[in-house]
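Line by line, the protein sequences give chains A and B. According to my numbering, the first sequence holds residues 1 to 111 in order. According to my numbering, the second sequence holds residues 1 to 114 in order. Ideal placement from N, C-alpha and C gives every residue a C-beta, glycine not left out. Working notes, structure below.
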Amino acid sequence: LAKTTQPISMDSYEGQEVNITCSHNNIATNDYITWYQQFPSQGPRFIIQGYKTKVTNEVASLFIPADRKSSTLSLPRVSLSDTAVYYCLVGISGGYNKLIFGAGTRLAVHP
Amino acid sequence: EAQVTQNPRYLITVTGKKLTVTCSQNMNHEYMSWYRQDPGLGLRQIYYSMNVEVTDKGDVPEGYKVSRKEKRNFPLILESPSPNQTSLYFCASSGSESSYNEQFFGPGTRLTVL
Numbered sequence: 001l002a003k004t005t006q007p008i009s010m011d012s013y014e015g016q017e018v019n020i021t022c023s024h025n026n027i028a029t030n031d032y033i034t035w036y037q038q039f040p041s042q043g044p045r046f047i048i049q050g051y052k053t054k055v056t057n058e059v060a061s062l063f064i065p066a067d068r069k070s071s072t073l074s075l076p077r078v079s080l081s082d083t084a085v086y087y088c089l090v091g092i093s094g095g096y097n098k099l100i101f102g103a104g105t106r107l108a109v110h111p
Numbered sequence: 001e002a003q004v005t006q007n008p009r010y011l012i013t014v015t016g017k018k019l020t021v022t023c024s025q026n027m028n029h030e031y032m033s034w035y036r037q038d039p040g041l042g043l044r045q046i047y048y049s050m051n052v053e054v055t056d057k058g059d060v061p062e063g064y065k066v067s068r069k070e071k072r073n074f075p076l077i078l079e080s081p082s083p084n085q086t087s088l089y090f091c092a093s094s095g096s097e098s099s100y101n102e103q104f105f106g107p108g109t110r111l112t113v114l
């Protein structure tokens, strides 16, 4: 399973766009990149998943360069409620997979 | 509402006193698993189940038991809890039809073993 590296923490302000980059140099051909969000005292929640190029949903965008050795989660116009820990995971896709969580990135959004 | 529920949400117990944390999902998911979350260690998988009567060890199974007699339920059993099992526990489920790494997590159970 590919190891991921993310910044430990980030700060932003309401209304700004936040980009969180994850490094995964040893990603395998069959691996997908998945991002989860965790609020304090809650379980993690799936945000987005992608394999290459760009994926967008109602919550975020995920940018993956051609070499796939990194990825960037983009949160448009954050609000205070986006304050959470964001985890980048790499592995094969499917409903039966063990999820490997690292330390994640603690995002603090300020007024 | 589709959800994963856990009970109790908070529990303080003493060493050696058997306890069970229940987990139930209403999404007809085949796959269920238990994780524990500790500061600095992230979430680690304890046990998982691919379907009824099919369970297997995760990364940190020592000191825990599970059972899967019904599809919707996946209780976590601590036969003789010890202080090093003080942690935040999450149950999760997902469906075999999903092509994503999307698992649905419960609200968590904060366990303290004295």
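Taking a C-beta cut-off of 9 angstroms against chain B, the contacting residues of the region 73-99 of chain A are Tyr87, Leu89, Gly91, Ile92, Ser93, Gly94, Gly95, Tyr96, Asn97, Lys98 and Leu99, listed in chain order. Non-local C-beta neighbours of Thr15(B) in its own chain, meaning closer than 8 angstroms and more than five positions away in sequence, comprise Ser80, Pro81, Ser82, Pro83, Val113 and Leu114, ordered along the chain. Of all residues in the region 30-49 of chain A, only Tyr32, Thr34, Ser41, Gln42, Gly43, Pro44, Arg45, Phe46 and Gln49 come within less than 8 angstroms of chain B when Cβ atoms are compared, listed by chain position.
DSSP places Asp82(A) within a helical segment (H, G or I) once states are collapsed to three.
For Phe63(A), no Cβ of chain B is located within less than 7 angstroms of the residue's own Cβ. Looking at Met50(B), Glu62(B) and Asn51(B), the one whose alpha-carbon comes closest to that of Arg44(B) is Glu62(B).
The C-beta separation of Phe105(B) from Gln37(B) comes to about 10 angstroms, leaving the pair out of contact by the 8 angstroms criterion. Per the coordinates, the alpha-carbon of Thr56(A) lies some 43 angstroms from the alpha-carbon of Ile12(B). CA-CA distance, Arg110(B) to Asp56(B), rounds to 23 angstroms.
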